[in-house]
Amino acid sequence: MKNIFFWIIVSIVLSVPIISFGQDDLEMLAGFDSVQRDKVISTFKSGSIINLKTIETLGKGELDFRVDHRFGDIAGKAGGAKNFFGLDNSTDIKIGFDYGLTDELNFGIYRAKGASDATQLYEGAVKYRFLDQTQDDRIPVSLAFFASATLSAAKSDPNLNSPVSFRRFKDRFVYVGQLIIARKFSSRLSILVSPSYVHRNYTAYGDQNAFFAIGFAGRIKITRRISLLADYFLPFRNGLKKTLMESTWGETYYNPLGIGLEIETGGHVFSLNFTNSKSIQEGQLIPETYSSWGKGQFRWGFGITRRFSLTGG
Amino acid sequence: MKKLYYSILLILIIIPVRSRSQSNILVSRTAQVSFFSSAPLEDIQAVSTLGASAINISTGDIIFKVRINTFQFEKKLMQEHFNENYMESEKYPTSEFKGKISDVAKLRKEGRYVNLVSGTLNIHGVTKRYETSVEFLVKGREITVKASFPIKLADHQIKIPSVAWKKIAETVKVNLSADFSGEAQ
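Protein chains in written order, with my numbering: chain A, 1 to 313; chain B, 1 to 185.
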């Protein structure tokens, strides 16, 4: 009995090398050394959603040209058929370039009309992506930092209560700092949260110079090239100052909410959107959105971006 | 007596393990895979040097794998489109060829040979049979493999939108090369 047991084992052991030369063994040997630590790519399609910045940066040597446009109120007192549902007006226009100094570090210069009293805006910005989500989820989110400084060249208003009664050059500046936390949950769904800080060197009398806000944004891919977009800013204003401002100026603050459709056609990204904020720049739309979706004070807007590669053929 | 059985058993287990170090399997983990697309408006090429391959020179079995997101393009935007729109690399992360080398006995001697290799290639989740001639350069325990063959994108359900047809060829040329050196582990 012992003998039979022994020979069974011997025959199994002897057959091992024969089995091990099969295809499966080859497959094992041809395995990849590194585990799947690959970066998650294309969390979003371009540098902006509607009112928020995305985690995406340009590659080294890439240039991005972007035009954003916001029309007038579709409905409400200022909209309707008389101005063709806002299309006769433009509340804000922004034109700018972004450039990839490295794959992680991007610079941008923009010019915007400006939708508040502060107009003729020149903005310089920097975006730095410092952490990439990995496919194996060892790093669950991507992180980036966005910072910008905007100069208003508007004529100074002699009325000292005005938000543009600039007396010194530095009064003309507005700063924005944002941390961008993004996660691509699946190839269809990406979500972004953006704690933001806005600082205006000069404001209307009694207004708050600086406060925090938090932005939320998402993208759902419907087809390979078309996505639904949505974003929202929640500013944390000082309640007392908010009430004071609202009663002084007879305006109510609203939180910017944008929804849109994004269409990608190899090199171009088109964003067709609706938002209640009149301005395009964070430095204005976070602190100064007075228009409400509920009152029909939302508008059609679009963004067109084109990416060029300046290096290589 | 029991002790003797165990020691014989132990020896028998060790033998196959040892024999693998002198086995007929050769492995390469720095195989190079490149492809070239020539269209009226644009020539596109990309290369990955992180392919993995193993061949068994006694049975002629061959495996060749590459991760799609290891392909490097000149332009980051192209690389993004390649992964995101065309290859869908998060869904289909690797491409794999499994096949057999014909007339494999030749490869035991030094020299330069051209053998037919046939098998199945999986790209973009779609498997198709391929047969192509492959150049083998045998030098001692080292084998260098080179191959070049066309792939029709439509065969693997890689869809090119009409706006991009002038930029992306319907058929791309794929080049493979790998150095199999030393012993398998």
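Backbone N, C-alpha and C define an ideal beta-carbon position, used for all residues, glycine too.
Tell me the residue span of the alpha helix (DSSP H) that contains residue i.
i: glycine 283 of chain A; result: 282-285
i: tryptophan 249 of chain A; result: 239-249
i: glutamate 80 of chain B; result: 76-81
Going by Cα to Cα distance, which pick from the options is closest to residue i?
i: valine 193 of chain A; options: A/Arg200, A/Lys170, A/Val176, A/Gly218; result: A/Gly218
i: alanine 230 of chain A; options: A/Phe216, A/Val164, A/Gly283; result: A/Phe216
i: serine 48 of chain B; options: B/Ala54, B/His81, B/Ser95; result: B/Ser95
i: lysine 173 of chain B; options: B/Lys166, B/Pro150, B/Ser181, B/Asp155; result: B/Pro150
i: leucine 76 of chain A; options: A/Ser309, A/Asn276, A/Ile226; result: The sequence given here places glycine at residue 76 of chain A; leucine does not occur at that position. Nearest of A/Ser309, A/Asn276, A/Ile226 to glycine 76 of chain A, Cα basis: A/Asn276.
i: lysine 45 of chain A; options: A/Ile304, A/Ser309, A/Leu310; result: A/Ile304
i: threonine 248 of chain A; options: A/Thr223, A/Ala204, A/Leu272, A/Arg138; result: A/Ala204
i: valine 128 of chain B; options: B/Thr120, B/Arg108, B/Val134; result: Reading the sequence as shown, one finds lysine at residue 128 of chain B and not valine. It is B/Thr120.
i: leucine 26 of chain B; options: B/Thr144, B/Glu42, B/Val163, B/Trp165; result: B/Thr144
i: glutamate 27 of chain A; options: B/Lys75, B/Asp61, B/Tyr92, B/Val163; result: B/Asp61
i: glutamate 246 of chain A; options: A/Ser196, A/Tyr290, A/Ile93; result: A/Tyr290
i: phenylalanine 212 of chain A; options: A/Asn83, A/Thr91, A/Val176, A/His268; result: A/Val176
i: arginine 169 of chain A; options: A/Leu151, A/Ile180, A/Ile181; result: The sequence as given places phenylalanine at residue 169 of chain A; arginine does not occur at that position. The shortest C-alpha separation from phenylalanine 169 of chain A is found at A/Leu151.
i: glycine 140 of chain B; options: B/Asn24, B/Tyr5, B/Ile123, B/Lys75; result: B/Asn24
i: phenylalanine 73 of chain B; options: B/Lys109, B/Asn56, B/His124, B/Phe35; result: B/Phe35
i: lysine 94 of chain A; options: A/Asp68, A/Pro163, A/Ile220, A/Gly267; result: A/Asp68
i: threonine 171 of chain B; options: B/Arg29, B/Ser38, B/Lys2; result: B/Ser38
i: glutamine 32 of chain B; options: B/Lys65, B/Gln157, B/Leu176; result: B/Leu176
i: leucine 179 of chain A; options: A/Thr134, A/Ala147, A/Phe236; result: A/Ala147
i: leucine 116 of chain B; options: B/Ile123, B/Glu131, B/Leu153; result: B/Glu131
i: arginine 224 of chain A; options: A/Ser196, A/Phe233, A/Arg188; result: A/Arg188
i: leucine 50 of chain B; options: B/Glu42, B/Ser28, B/Glu142, B/Thr59; result: B/Ser28
i: isoleucine 226 of chain A; options: A/Leu160, A/Glu264, A/Val10, A/Lys278; result: A/Glu264
i: lysine 45 of chain B; options: B/Gln79, B/Ser118, B/Val66, B/Ile57; result: The displayed chain sequence assigns glutamine, not lysine, to residue 45 of chain B. Comparing Cα positions, the closest option is B/Gln79.
What does residue i touch in chain B if you count any residue whose Cβ is under 9 Å from its own?
i: isoleucine 139 of chain A; result: Within 9 Å Cβ-Cβ: nothing; isoleucine 139 of chain A doesn't reach chain B, min ~16 Å.
Determine the burial state of residue i: buried for a count of at least 16 other Cβ atoms within 10 Å of its Cβ, exposed for fewer.
i: arginine 299 of chain A; result: buried
i: alanine 282 of chain A; result: What sits at residue 282 of chain A in the sequence shown is glutamate, not alanine. Counting Cβ neighbours within 10 Å, glutamate 282 of chain A comes out buried, since at least 16 surround it.
i: glutamate 288 of chain A; result: buried
i: threonine 57 of chain A; result: buried
i: tyrosine 202 of chain A; result: buried
i: serine 133 of chain B; result: exposed
i: isoleucine 18 of chain A; result: In this prediction, isoleucine 18 of chain A has a pLDDT of 49, which is less than 50 and means its spatial position is unreliable; what the coordinates show is noted afterwards. With fewer than 16 other Cβ atoms within 10 Å, it is exposed.
i: valine 163 of chain B; result: exposed
i: lysine 3 of chain B; result: exposed
i: alanine 153 of chain A; result: exposed
i: glutamine 185 of chain B; result: Its pLDDT being 44, under 50, glutamine 185 of chain B is placed unreliably by the model, and nothing is read from it.
i: lysine 221 of chain A; result: buried
i: lysine 39 of chain A; result: exposed
Identify the continuous beta strand (DSSP E) that holds residue i and give its terminal residues.
i: leucine 50 of chain B; result: 43-56
i: threonine 30 of chain B; result: 25-38
i: alanine 147 of chain B; result: 142-152
i: glutamine 178 of chain A; result: 173-184
i: aspartate 117 of chain A; result: Segment: none, aspartate 117 of chain A is in no beta strand (DSSP E) and carries neither H nor E.
i: phenylalanine 212 of chain A; result: 210-221
i: tryptophan 300 of chain A; result: 299-309
Under 8 Å between beta-carbons, which chain B residues line up against residue i? List them in chain order, please.
i: leucine 26 of chain A; result: Ile25, Ala54, Ile55, Asn56, Asp61, Ile62, Ile63
In chain B, which residues lie less than 7 Å from residue i when you measure between Cβ atoms?
i: glycine 266 of chain A; result: His81, Val163, Ala164
i: aspartate 38 of chain A; result: Asn69
i: arginine 224 of chain A; result: Asn85
i: arginine 307 of chain A; result: Leu77
i: isoleucine 280 of chain A; result: Here the premise fails: no neighbours, minimum Cβ distance about 24 Å.
Find the residues of chain A that neighbour residue i, judging by a C-beta separation of less than 7 Å, and give them in chain order.
i: tyrosine 5 of chain B; result: Phe6
- Task: Scan the region 58-76 of chain A for residues whose Cβ lies nearer than 7 Å to a Cβ of chain B and list them as they occur along the chain.
- Result: Gly59, Glu62
- Residues within the region 141-171 of chain A neighbouring chain B, beta-carbon criterion of under 8 Å: none
- Would you list, in chain order, the members of the region 94-116 of chain A that have their beta-carbon closer than 9 Å to a beta-carbon of chain B? Gly100, Asp103
- Task: Determine which residues of the region 168-199 of chain A have a Cβ less than 9 Å from any Cβ of chain B, and write them out in chain order.
- Result: Lys184, Ser186, Ser187
- Message: Tell me which residues of the region 84-104 of chain B have at least one Cβ-Cβ distance to chain A shorter than 7 Å, keeping chain order.
- Response: Glu84, Asn85, Glu90, Lys91, Lys98
- Query: What residues from the region 40-54 of chain A come within 7 Å of chain B, judged by C-beta to C-beta, listed N to C?
  - Reply: Ile41, Ser42
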